[in-house]
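2 protein chains.
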Amino acid sequence: MTGAPSDTQNTLREGIIELTFGEPDPALLALGLVRRAAVAVLDDAGPAALAYGSLAGPRTLREEIARRIAAREGRACTAAEVLVSAGNSQALGQVLTVLTAPGDVVLVESPTYNLALGIMRDHPVTVVGIPLDEEGLRLGALRAVLAESRTAGKRARLLYTIPTFHNPSGVCLSAERRRDLLAIAAEHDLVVVEDDVYRELVYEGQAPSSLWTLGGDAPVVRLGSFSKTLAPGLRVGWINASAGLLERLAAAGVLESGGCVSQFAASIVGRLLAAGDYDHHVAKLRRTYASRRDALSAALRQHLPAGCGFAVPAGGFFIWLTLPPGLLATELLPTAEAHGVAFAPGARFCSDGDDRSLRLAFSLYDEAALSESARRLGAAVTAALAGRA
Amino acid sequence: MTGAPSDTQNTLREGIIELTFGEPDPALLALGLVRRAAVAVLDDAGPAALAYGSLAGPRTLREEIARRIAAREGRACTAAEVLVSAGNSQALGQVLTVLTAPGDVVLVESPTYNLALGIMRDHPVTVVGIPLDEEGLRLGALRAVLAESRTAGKRARLLYTIPTFHNPSGVCLSAERRRDLLAIAAEHDLVVVEDDVYRELVYEGQAPSSLWTLGGDAPVVRLGSFSKTLAPGLRVGWINASAGLLERLAAAGVLESGGCVSQFAASIVGRLLAAGDYDHHVAKLRRTYASRRDALSAALRQHLPAGCGFAVPAGGFFIWLTLPPGLLATELLPTAEAHGVAFAPGARFCSDGDDRSLRLAFSLYDEAALSESARRLGAAVTAALAGRA
Numbered sequence: 001m002t003g004a005p006s007d008t009q010n011t012l013r014e015g016i017i018e019l020t021f022g023e024p025d026p027a028l029l030a031l032g033l034v035r036r037a038a039v040a041v042l043d044d045a046g047p048a049a050l051a052y053g054s055l056a057g058p059r060t061l062r063e064e065i066a067r068r069i070a071a072r073e074g075r076a077c078t079a080a081e082v083l084v085s086a087g088n089s090q091a092l093g094q095v096l097t098v099l100t101a102p103g104d105v106v107l108v109e110s111p112t113y114n115l116a117l118g119i120m121r122d123h124p125v126t127v128v129g130i131p132l133d134e135e136g137l138r139l140g141a142l143r144a145v146l147a148e149s150r151t152a153g154k155r156a157r158l159l160y161t162i163p164t165f166h167n168p169s170g171v172c173l174s175a176e177r178r179r180d181l182l183a184i185a186a187e188h189d190l191v192v193v194e195d196d197v198y199r200e201l202v203y204e205g206q207a208p209s210s211l212w213t214l215g216g217d218a219p220v221v222r223l224g225s226f227s228k229t230l231a232p233g234l235r236v237g238w239i240n241a242s243a244g245l246l247e248r249l250a251a252a253g254v255l256e257s258g259g260c261v262s263q264f265a266a267s268i269v270g271r272l273l274a275a276g277d278y279d280h281h282v283a284k285l286r287r288t289y290a291s292r293r294d295a296l297s298a299a300l301r302q303h304l305p306a307g308c309g310f311a312v313p314a315g316g317f318f319i320w321l322t323l324p325p326g327l328l329a330t331e332l333l334p335t336a337e338a339h340g341v342a343f344a345p346g347a348r349f350c351s352d353g354d355d356r357s358l359r360l361a362f363s364l365y366d367e368a369a370l371s372e373s374a375r376r377l378g379a380a381v382t383a384a385l386a387g388r389a
Numbered sequence: 001m002t003g004a005p006s007d008t009q010n011t012l013r014e015g016i017i018e019l020t021f022g023e024p025d026p027a028l029l030a031l032g033l034v035r036r037a038a039v040a041v042l043d044d045a046g047p048a049a050l051a052y053g054s055l056a057g058p059r060t061l062r063e064e065i066a067r068r069i070a071a072r073e074g075r076a077c078t079a080a081e082v083l084v085s086a087g088n089s090q091a092l093g094q095v096l097t098v099l100t101a102p103g104d105v106v107l108v109e110s111p112t113y114n115l116a117l118g119i120m121r122d123h124p125v126t127v128v129g130i131p132l133d134e135e136g137l138r139l140g141a142l143r144a145v146l147a148e149s150r151t152a153g154k155r156a157r158l159l160y161t162i163p164t165f166h167n168p169s170g171v172c173l174s175a176e177r178r179r180d181l182l183a184i185a186a187e188h189d190l191v192v193v194e195d196d197v198y199r200e201l202v203y204e205g206q207a208p209s210s211l212w213t214l215g216g217d218a219p220v221v222r223l224g225s226f227s228k229t230l231a232p233g234l235r236v237g238w239i240n241a242s243a244g245l246l247e248r249l250a251a252a253g254v255l256e257s258g259g260c261v262s263q264f265a266a267s268i269v270g271r272l273l274a275a276g277d278y279d280h281h282v283a284k285l286r287r288t289y290a291s292r293r294d295a296l297s298a299a300l301r302q303h304l305p306a307g308c309g310f311a312v313p314a315g316g317f318f319i320w321l322t323l324p325p326g327l328l329a330t331e332l333l334p335t336a337e338a339h340g341v342a343f344a345p346g347a348r349f350c351s352d353g354d355d356r357s358l359r360l361a362f363s364l365y366d367e368a369a370l371s372e373s374a375r376r377l378g379a380a381v382t383a384a385l386a387g388r389a
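Next up, the structure:
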């Protein structure tokens, strides 16, 4: 990978293979495609590309997203069902601002994407975690929490979920649970916020159908993004939602005042998609990241001591590794760093602080570095176990 | 002006001179400068321009903004005192999300920028209007509301103000009131959110010093923007604030998760400023908009019947016109449209619904169209008065 150390979000340390950050390899960003589309937008659309835009976002982008959804996800979709965002973080903030009231309960998976918790922290809501298993969110536990909330006189308003190539666990919600979750949501008037950022990065067959695609009129807000496939710095994503919810989100005061929150970058992405280069680019990403996933998985199997466990994810950026009993990830981290490898400890992602697992991102490094990282991690775990013995 | 009718925020109607919208003339957007800077950023910075950015925004942009503040506003400023935003609407939303708690009172001027009220409506706060006069916010009224809030056990947390080239009234807060307002804010722990979007568009002498510049350690958040000077579709602005407030705003979960909310566009603006073309561009805008202001003012004086009143603003986009007694702006609007001119009625901006004034934006049209608009408006007012007689 390449990088500009002082002016990017995460700084890489010399001598350490950093499997901490869930971000695309800068060398794989769509630099050439963005450059071509940016010039074309400015030359062809002229001032309109830089004026206050339609609240819902540039029409070309919304049409291209809708076309792609209809072609690849099998749900009829029009531009009117697409609201352009400035990426999933901005979109989640907007959803919380518009759809929650003070005191509402927001449900999350545990583990979940840790930085989503930071966004929720800025809103006057109570966050409650629901455990996962290898088929995703445990619906029995969800039902129990919904019943408890009701008894306590609290409104469980939103569920934030990453059902497809989950961050950090890598699991997908099973088809049966997807159907059941939609029924529960409809029954309890629970808005399901589906963070669908990894959908395009599928390495085995097809990605599972999204909850929004399956949901018909169920209260689902699906957050889609170009951050992992084109470039995170563009800050362009979109929202699909059932009609009433989309209307409420589109009526946000921020949009009425400033227009589309990512107008220029969104115009570029619209042009890029219309040029037809996106599929080819995403196919290349799939091959590259699949190969990295395979390299890391194989090397982990080779180098990790007994007692470690992980599943190979079918998509996304992460392997979720469970440590041998008694070993905690946060305690392991300094040892791992001394061995030249870093990761994100599980406690960062778990609402109950569970620290028996850790997240390894395979997106930033090539196969050789990933193999070496597994060797170092294996040595670190072995050393930590020896230190305990 | 040029425009793309179907995909921009506001649609212009055939045959009507629309003085309703406070937006820059698309023909005056910095299209060439943005094109050059966009290509330069992509060619020189490469993938770093498209990766997740520093939470506070691209360093070059923050340094250029700080340098410009130090040179033009006389307050020493470093890049660490600048937080890049996606424009003042996004920034105001972030300020409300991070700095207010449910039930807080947010004070606004009456009249005020009507779409800021839409942003506040999405937050669980109570909005209270404070009247203006020709020197800006009336501080006696502010003190009275602060006392009432305290008596009622409510916390007046924020004051949203546009002290310089006010939207819609065009007035500037006087130097004495600026000092007094800062003292009141410090005494009452009231955060002053200074919307400073029109600062660069000054047509007489110098713009008054901003509250943030004057404020030292007083609790001021100043929102600056490139929407009126470069292009609104870029969605790039910045926040200056006293140290503790800036730290809280920079710790927003949305930034921690997605990085700078306008990373790519902000990188372009940074490059553009560093190229040194901005001052020349802004000088041209000043000349052009000043000439439009003069044309509209002169034609209004010529064509309006007795009983109308307005002051010529020293900057910004707006003339605030008070109608003869008994005439309401909302009632006048259909007559005006029948005469081929439109405006924004005062009731949209006033928390108490006061509709005796109306807002005329002189930013979108050339001098000839503005003169003609005044002729039509004069005829419409005369007709409405005759209808009443």
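Here the protein sequences come in this chain order: R and V. Taking the working numbering, the leading residue of the first sequence gets 1, the next gets one more, and so forth. Taking the working numbering, the leading residue of the second sequence gets 1, the next gets one more, and so forth. By construction, the Cβ of each residue, glycine as well, lies at the ideal position given by its N, Cα and C atoms. Note that the structure is a prediction, hence the values are computed from the model and not measured.
- If you draw a 10 Å sphere on the C-beta of residue 179 (chain R), you find fewer than 16 other C-beta atoms in it, and that means exposed.
- With respect to chain V, the C-beta atom of residue 264 (chain R) has a partner C-beta closer than 7 Å.
- Take residue 269 (chain V), set aside five residues on each side of it, and the residues of its chain with a beta-carbon closer than 7 Å to its own are 61, 226, 230, 234, 236, in chain order.
- Residue-level contact by beta carbon holds for residue 257 (chain V) and chain R, with a gap shorter than 7 Å.
- Across the set V:265, V:45, V:204, V:272, the C-alpha of V:272 shows the shortest separation from the C-alpha of residue 64 (chain V).
- The DSSP assignment places complete alpha helix (DSSP H) segments of no fewer than 4 residues inside the segment 212-275 of chain V at 243-250, 253-258, 263-274, in order along the chain.
- Between residue 20 (chain V) and residue 344 (chain V), the CB-CB gap stays under 7 Å.
- Burial state of residue 14 (chain V) is exposed, judged by a 10 Å Cβ sphere holding fewer than 16 other Cβ atoms.
- Chain-order list of chain R residues neighbouring residue 23 (chain V): 51, 52, by C-beta distance under 8 Å.
- For residue 29 (chain R), the C-beta contacts it makes with chain V under 8 Å involve 47, 50, 51, in order along the chain.
- In chain order, 253, 257 make up the part of chain V whose C-beta sits under 9 Å from the C-beta of residue 116 (chain R).
- Listed in chain order, the non-local C-beta contacts of residue 28 (chain V) below 7 Å within the same chain comprise 285, 288, local neighbours out to five positions each way being set aside.
- By the rule that beta-carbons nearer than 7 Å mark a contact, residue 13 (chain V) does not touch chain R.
- Leaving aside the five residues that flank residue 177 (chain R) on each side, the residues in its chain whose CB is nearer than 7 Å to its CB run, in chain order, 135, 136, 137, 139.
- When C-alpha distances from residue 298 (chain R) are compared across R:44, R:368, R:213, the shortest belongs to R:368.
- Annotation for residue 199 (chain V): 164, 207 place their beta carbon closer than 6 Å to its own, counting only its chain and skipping 5 residues before and after.
- 88, 89, 90, 92, 93, 94, 96, 97, 98, 101, 102, 103: these are the residues of the segment 88-107 of chain V whose beta carbon lies less than 9 Å from some beta carbon of chain R, given in chain order.
- Look at residue 246 (chain V): its C-beta is not under 7 Å from any C-beta on chain R.
- Within the segment 267-286 of chain R, no residue has its Cβ closer than 7 Å to any Cβ of chain V.
- Of V:357, V:267, V:88, V:377, the smallest CA-CA separation from residue 54 (chain V) is found for V:267.
- Within the same chain, 123 come within 6 Å of residue 96 (chain R) by CB-CB distance, once the 5 residues on both sides are set aside.
- Here residue 32 (chain R) carries a helix assignment [DSSP, helix/strand/coil].
- Taking residue 105 (chain R) as reference, the option from R:70, R:359, R:94, R:156 with the minimal CA-CA separation is R:156.
- Counting the other CB atoms within 10 Å of its CB gives residue 302 (chain V) a total below 16, which places it among the exposed residues.
- Between residue 162 (chain V) and residue 213 (chain V) a beta carbon distance of about 16 Å is seen, past the 8 Å cut, so the two are scored as non-contacting.
- Along the segment 314-348 of chain R, none of the residues has a CB nearer than 9 Å to a CB of chain V.
- Bounds of the alpha helix (DSSP H) holding residue 289 (chain R) are 278-303.
- If you draw a straight line from the Cα of residue 279 (chain R) to the Cα of residue 174 (chain R), it comes to about 26 Å.
- Within the segment 155-214 of chain V, the complete alpha helix (DSSP H) runs of at least 4 residues fall at 175-188.
- DSSP, reduced to helix, strand and coil, places residue 18 (chain R) within a strand of the structure shown.
- Less than 7 Å separates the beta-carbon of residue 85 (chain R) from that of residue 238 (chain R).
- For secondary structure counted as the beta strand (DSSP E) over 3 or more consecutive residues, the segment 297-379 of chain V holds these complete runs in sequence order: 318-322, 357-361.
- Taking 7 Å as the cut-off, the Cβ atoms of residue 374 (chain V) and residue 323 (chain V) do not count as close.
- Of the residues assessed, residue 100 (chain V) falls on the buried side of the cut-off, its CB having 16 or more other CB atoms within 10 angstroms.
- For residue 234 (chain R), the chain V residues whose Cβ falls inside 7 Å of its Cβ are 50, 264, in order along the chain.
- Here residue 98 (chain R) carries a helix assignment [DSSP, helix/strand/coil].
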